[in-house]
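Mapped onto the numbering used here, the consecutive letters of the sequence shown carry residue numbers 1217 to 1294.
To start, the structure itself, in structure tokens.
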Amino acid sequence: MTEEILSDRNMEYFIADWKLIPSSGGVFDFEVNGALLFSKKQVGRHAEPGEIKALLQEKISAFKKEQGIPWDTIPEED
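Next up, the structure:
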């Protein structure tokens, strides 16, 4: 999952911090930039292949729209 997300240059730029937070019974939460993106406890199942990446892409797309950043733009490196 980590490689799938961080190999995408567009996502890498927008992720300042991500955490996979385990707890008892195989339950985990996945947070990105301090916001809960996926919770096994809330949905009652493991994430499907590609599901977390798709959720992250939706979050990034919404952020870009709010900020007026074209959907296919990757900001320049400083």
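Ideal placement from N, C-alpha and C gives every residue a C-beta, glycine not left out.
All values derive from a computational prediction rather than experimental measurement.
query: I believe Leu1271 touches Leu1252 by the beta-carbon criterion, under 8 Å. Please report the beta-carbon distance rounded to the nearest angstrom.; result: Not quite, the Cβ-Cβ distance comes to about 10 Å (not below 8 Å), so this is no contact.
query: Can you tell which of Val1243, Ala1278, Gly1284, Phe1279 has the C-alpha that lies nearest to the C-alpha of His1262?; result: Val1243
query: What do you get for Phe1246, buried or exposed, if any count of 16 or more other CB atoms within 10 angstroms of its CB means buried?; result: buried
query: Pick from Lys1235, Lys1257, Asp1233: whose alpha carbon is nearest that of Gly1241?; result: Lys1257
query: Kindly indicate which three-state DSSP category Ile1237 falls into: helix, strand or coil?; result: strand
query: Considering only the alpha carbon of each residue, which of Ser1255, Pro1286, Lys1281, Glu1264 lies closest to Ser1239?; result: Ser1255
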